[in-house]
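To keep things clear, I will list the structure first and then write my remarks on it.
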Amino acid sequence: MKYVFALFFPILSLSSCARILGVMPIPSYSHQIVFQPLWKELSLRGHQVTTLTTDLINEPNLVNLTEIDLSFIYDIWTRDLRKIIILNQKSFFYGFAGAIRSMINILDKELQNPQVQKLLNDKSSKFDLVMAEYAIPGMFAFATRFNCPLILLSSLDPTSFGYEFIGNPIHPAFDTDVMRPYEEKYTLFGRLKSVLHFLFVKALNTFSYFPANDAFIKKNFGDGYPPVLSIGNNASAFFVNANTVFQKILPLFPNVVQIGGKLHRNDTAQLTKEMKTILDNSKGFIYFSLGSNAKTTDLSLETQKAIMETFSELPYAVFWKLDSDHFSNKPPNVFIMKWFPQQAILKHPKIKLFITQGGRQSIDEAIASNVPMIGLPFYADQTYNVQKMAAQGFGLSLSYVNLKKGEFKHAILEVIKNPKYRNTLKELSDLENDQPMTGLERALWWTEYVLRHRGAKHLRSPYLDVPLYQYLLLDVLGVCLLVIVVVVYVIVKREVVPLAQGLCQDCHPEVRSAICTQIPYIVQGLGTTMLRGDLLASLVELGSDDNMYVRSASVSAIVHIFPYTSLDVKKTTLLPLIKQLCDKALKHDDLTATTIAKEIGKILDGLQYSLTVPECLWFLTFYKRLSTKGLNNDEFKGSDASMDVTCRQQAAVNFPAMTSFVYSTIPTQIDSLYSTFKDLAGDPCFIVRKTIAGCIHEIIRLYDSNSKILKSDFVRLLQDDSEEVLYSLIPHLGTTLELLCEFQTLSRVNVNPATLEIGRALLKCQYELTTRNNWRLSTMFLHQFERLPNCMPSDFIHQHFTPILLTCAAKGRARPVRVQAVRTLLIFLRYNGKEMQRRWIRENLVAQLCRSDSYYTRLIYIKLCAAAMDIFSDNYFKEYFYQNLLDLAVDPVANIRLCIVNMIMSLKQMLILPDDKQLTERFNTVLKRYTDDEKDRDVIKAFQLKTKEMKTYEVNKEEYKKEQKRRRDEEDRINSGAKVSVLLLPKKETSRFTTINRG
């Protein structure tokens, strides 16, 4: 017998006097109080218990309990919690991410605590079991440090990643996380949100939270520790403060131990004499507590007022647990204290209602005491708890945000006077009490079970070793989907191809034409095998069809199947078919020619690597014939002139593609191709000329150094009589001129013959536009002139273009044209390297615009100044524009003064003391004049509004300074003779820097 006793003695001694480390790092009394009875009972049973806790028990009789005080962390948590509550109002995702950041901060600070460091570094310290709160997994490393089993703890129903540690399966769509709102019915949208929530939490933990915990383990524990997820996966058990009465109904593994309900309750709690007297003498009372974390400041002043006014109208006493007992206008029936014995109050027979934030422990205590509730949730699991409470029928849920008096009072009276809430609670309380053992007894048994067996590896979940894609059945779904696709493919292959072949041979040309448009989609779906065998033969038949609409549709079909055909098929089948279609198209009055002209670029691109040099020359010759189809020298001139024009137009559209083809295959024929361009640019129909004008910049880019030969045709297009041609040419005029300069047709340094010829053409075009009434086209043309400094010498621009633009600005008719003219003049001014010419421009702008007798012309000068703020640096503007602009502040016309008022914020932004002392004095004089002497009511109103805006105005100073420095540096380079390129901005972006830098 003694040998048997000797054999089992180590096991008995291990479970009866074990060394246990409890790690409770979260600074919240509601988290700590749940497991305090467990620490007490374990120590009373003879175990040596050491706890890391933020809330000490401090009972002298517990000689086996050692507590390491972490209460210093409350200062950090209180600050972070306020931010989390605010973020949670925006969205759960913001709130959860904020909580994660706070948990990481808590882990770092607690591990740096001297007492914790001493425990870590004490090599003589040994423990037989570590019990750690799961929410901060970095603390799991204590189990690895002391080489002992680990039990996870949760003071509430865990989140999804809590169950993930232990390997307990959860369904992303149905097992709603307690951090999400409660949903009684699983709608499609609700399940979708639940899955997205699961994936969000999974991603945040995997890529942010867990790696951060691993980093702090390495920092404080050292190298060689496994990841927190691996440590958590090897936990022996998971103690969860939940029960079947008020929790998610889940399939649970044996080592997920529910200890909820009665674990933390204190049946010996007593009321003070004063409290007991007040409660006994009342007609009934309401207990109001927002828990240990929420503060008065979390409630808006309007909400606090609504609560107080509601309480003042009730016939009941109100006991309000509040972090501040100083509250103005407190009704006589409201008693405020920083602490109440909550469990004792809830057991008092005269209690009518418990108003709670929805913490798990508070709800458990209310259920046990049969007290109905109203919930005002703030964050974390509180929303879930309160909404489930309302769904189960023993309370109501309200939002503390914008809480209204009438709503609050109605809810209070409903819960107090309607007996259904208490009846429901009675049923739940009976269910909760009907258990074989208490939560504490269950926790003690499992703790000693793990101690006796040195862990519970036999209960480890098999799902922990399964990849996520297998856990979510994605591989199974993938196989099922693949099978379905294969089956559908086989069915379609058998049915669709014969059907398509039948339609290709239909007696109606409309049907044959329609099926041509669908062949590319069929080929794309079935692959190249079916094309070679069946559909290709049908496509050849359609290309030889008697009906021109069918042949035309077959051309488009051929183009769209190029990506799915091999080089061999292109050479042997498609190339002969296309050449056959091309021959027929030119010899007949046929729509096919127009379609081929439209697709010729794609045809040559698809066949490029299949063509020999003779075949390339054949296609070039064919393209030339397309580009002259219907003209006098065309031997196959059709009867429908409009169809011929469309054919030539489509040929013009594809001229850039044809140029690229010739350069890459037969570059010696580029001069031959130019004759085609010349014909298109001089086509008798303006539609063709318009099309070639719209792509001339692309053609010049492709011709590269050979683009000099295009100069005369460009000049001819500039002098075209058709506005439609100019509408197509002018939007790309600046780019075209810059390309001509890049390829040395034009020069920024010297005036060559090409510069003179193109300059005369531009001036003539400008003159023609001024004689017409198309102000939009004129404005667009002047806008393109802003690129001239990139293409021509500044002397040439100043001599020929500046006077024209100055006249246009001073005497033009349409205001948009005049405004664009002054902006272009400012560009000329900025990029002119000669001070004498710059001074001439500035003096004439002032003399002809600012000093003009015409109100409209002076208004143009204000527009000029607004543009100058976008173009020049503040220093340049203050030197040459600022004073003249302020002179207009006393203009006799109110509209002029109104425009100046709208600019005062930008003007003030420029002034820097003491450098601009004189300008500042002048500016203040203008402000005083608006304040004291202004009579026009619109000007006064605008001035008052701008003055108010200036007081609250904020500017991105770094961006502003950076932009101003860039402008000053550029001006210095121009003054030193450097050639700086002009960037042409779209007209709507001209105030970009004003928006960024001047509000």
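Heads up, the sequence shown is in our numbering, so the first residue is 10 and it goes up one at a time.
Backbone N, C-alpha and C fix where the C-beta goes; we use that ideal spot for every residue, glycine too.
On a predicted model such as this, the values are computed, not experimentally measured, just so you know.
Taking the C-beta atoms as reference points, residue 448 is found no nearer than 7 Å to residue 171. Segment contact: the segment 708-722 against the segment 675-688, three or more CB-CB distances shorter than 8 Å; contact assigned. By the C-beta density criterion, residue 205 is exposed, having fewer than 16 other C-beta atoms within 10 angstroms. Residue 877 counts as buried, since at least 16 other C-beta atoms from the protein chains shown sit within 10 angstroms of its C-beta. Between residue 376 and residue 364, the C-beta gap is not smaller than 7 Å, which leaves the two residues out of contact.
For residue 266, the secondary structure class from DSSP, reduced to helix, strand or coil, is strand. For residue 57, the uninterrupted beta strand (DSSP E) run begins and ends at 57-62, by DSSP. Between residue 741 and residue 792, the C-beta spacing is not below 7 Å.
In the structure shown, residue 327 adopts extended strand secondary structure according to DSSP, grouped into three states.
In the structure shown, residue 159 falls within a strand segment according to DSSP collapsed to helix, strand and coil. The Cβ atoms of residue 349 and residue 330 lie closer than 7 Å to each other. By the Cβ test, the segment 794-803 is in contact with the segment 757-768, since at least three Cβ pairs between them sit closer than 8 Å.
For residue 624, the uninterrupted alpha helix (DSSP H) segment begins and ends at 622-636. Taking a C-beta distance under 7 Å as the contact criterion, residue 826 and residue 787 qualify as a contact pair. Around the C-beta of residue 631, 16 or more other C-beta atoms lie within 10 Å, and the residue is accordingly described as buried.
Annotation for residue 729: no alpha helix (DSSP H) segment contains it, and DSSP assigns it neither H nor E. Take the alpha-carbon of residue 871 and the one of residue 985: they are about 30 Å apart.
Under the three-state reduction of DSSP output, residue 349 falls in the coil class, being neither helix nor strand. Residue 517 sits exposed, since fewer than 16 C-beta atoms from the chains shown fall within 10 Å of its C-beta. In the three-state reduction of the DSSP assignment, residue 247 falls in the strand class, which pools E and B. The C-beta separation of residue 580 from residue 619 comes to about 5 Å, placing the pair in contact by the 8 Å criterion.
Secondary structure at residue 403: coil, using DSSP grouped into helix, strand and coil.
Distance from residue 288 to residue 357 at the Cβ level is roughly 5 Å; contact confirmed, criterion being Cβ atoms closer than 8 Å. With fewer than 16 other Cβ atoms inside 10 Å of its own Cβ, residue 892 counts as exposed. One thing to note: residue 412 has its Cβ within 7 Å of the Cβ of residue 315.
Ranked by Cα distance from residue 896, the options 885, 924, 884, 938 are led by 938. A residue is called buried when at least 16 other Cβ atoms come within 10 angstroms of its Cβ; residue 323 meets this threshold and is buried. Spatial neighbours of residue 424 in its own chain (CB-CB distance under 8 Å, excluding positions within 5 residues in sequence) are listed in chain order as 362, 381, 382, 383, 404, 405, 430. Taking the Cα positions, residue 593 is about 41 Å away from residue 752. Beta bridge pairing from DSSP links residue 294 with 326, 360. Here DSSP, grouped into helix, strand and coil, assigns residue 183 to coil. Apart from the 5 residues on each side of it in sequence, residue 860 has no Cβ closer than 6 Å to any other Cβ in its chain.
Restricting attention to 222, 408, 327, 263, the CA atom closest to the CA of residue 307 is found in 408.
Spanning the alpha carbons of residue 735 and residue 681 requires a straight line of approximately 27 Å.
The Cβ-Cβ distance between residue 300 and residue 402 does not fall below 7 Å.
Taking the C-beta atoms as reference points, residue 344 is found no nearer than 7 Å to residue 320.
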